[in-house]
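Quick note on UniProt numbering: the sequence shown kicks off at 1 and runs consecutively. What follows is a short report on a single structure.
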Amino acid sequence: MTGGPRLIGRKEAAAYLGITPTCFSMWVASHKMPPAIPGTRKWDKKAIDARLDEVSGLSAKTESGETDLQKWRRERDARRAKERQP
């Protein structure tokens, strides 16, 4: 599943990782995998890949010492904070 859409549902995300949908839900609940994109039931494949790299010890840190997942989370949190401002 390297091609196709970047956003995928729970079943597709589970298949992408080679696990069951129930297992994927458990991994999300235990923060082994990132949450769905807010307001959707879709996951970003890049966020899944980044998190999998991190938990596998393959995390590539940037010059700032930040992993791709940490960067994604920081940018996501900044977007959310901006959206909450009046």
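Each residue gets a CB set at the ideal place from its N, CA and C atoms; glycine is no exception.
Determine the DSSP secondary structure at Thr-22, reduced to helix, strand or coil. Within the sequence shown, residue 22 is the residue found at index 22, counting from 1. DSSP places Thr-22 in helix when its eight states are reduced to three.
Environment of Met-26 [buried if 16+ CB atoms lie within 10 Å]: Against the sequence shown, residue 26 aligns to sequence position 26. By the 10 Å Cβ count, Met-26 comes out exposed.
Tell me the DSSP bridge mates of Leu-7? On the sequence shown, position 7 is the one that residue 7 refers to. According to DSSP, Leu-7 shares a beta bridge with Asp-44.
Does the Cβ-Cβ distance between Asp-50 and Pro-34 come in under 9 Å? Locating residue 50 in the sequence shown gives position 50, counting from the first residue. Locating residue 34 in the sequence shown gives position 34, counting from the first residue. Rather than Asp, the amino acid found at residue 50 in this sequence is Ala. With respect to Pro-34, Ala-50 sits close: the two C-beta atoms are nearer than 9 Å.
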